[in-house]
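What follows is a short report on a single structure.
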């Protein structure tokens, strides 16, 4: 479980730094939902993947893809308003996609490290 807490703290730090840079381009109140949503769903998905890796590590790729699909489904159903201007659509998309990309890249990096360690131990 130590790796889960380390993952949570590092991800929070990385997102905080990216959020600080992103604030220069977009209003902060528009970013809170995107960063908060991605942080929480990434923590939950990583915990699920970590638990799943102890039982069936060969299915982790499919589980990760399913979680990514759920993230996008939530974005399109709950997060994205339907009638906004083109400029606001770009800002809204970036307020979701930037933290999504950072979270996904970091999650994949840590999962690859964990699976490599597991393969070495076996």
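In the working numbering, the protein residues as written are 87 to 208.
Heads up, the beta-carbon is just placed ideally off N, CA and C, and yes, glycines get one too.
If you're wondering where the values come from, they're calculated on a predicted model, not measured in any experiment.
Taking just the CA atoms, how far does residue 202 sit from residue 161?
-> 32 Å
Which residues mark the beginning and the end of the alpha helix (DSSP H) in which residue 150 is found?
-> 146 to 160 is the span of the alpha helix (DSSP H), which, as asked, contains residue 150.
The stretch 135 to 154 in contact with the stretch 110 to 118 per 3-pair CB rule at 8 Å | no
Assuming residue 101 contacts residue 125 (C-beta within less than 8 Å), just tell me the rounded distance between them.
-> Cβ-Cβ separation between residue 101 and residue 125: approximately 6 Å, consistent with a contact (criterion under 8 Å).
Check whether the Cβ atoms of residue 94 and residue 193 sit closer than 9 Å, and answer yes or no.
-> Against a cut-off of 9 Å, the Cβ pair of residue 193 and residue 94 comes out as no contact.
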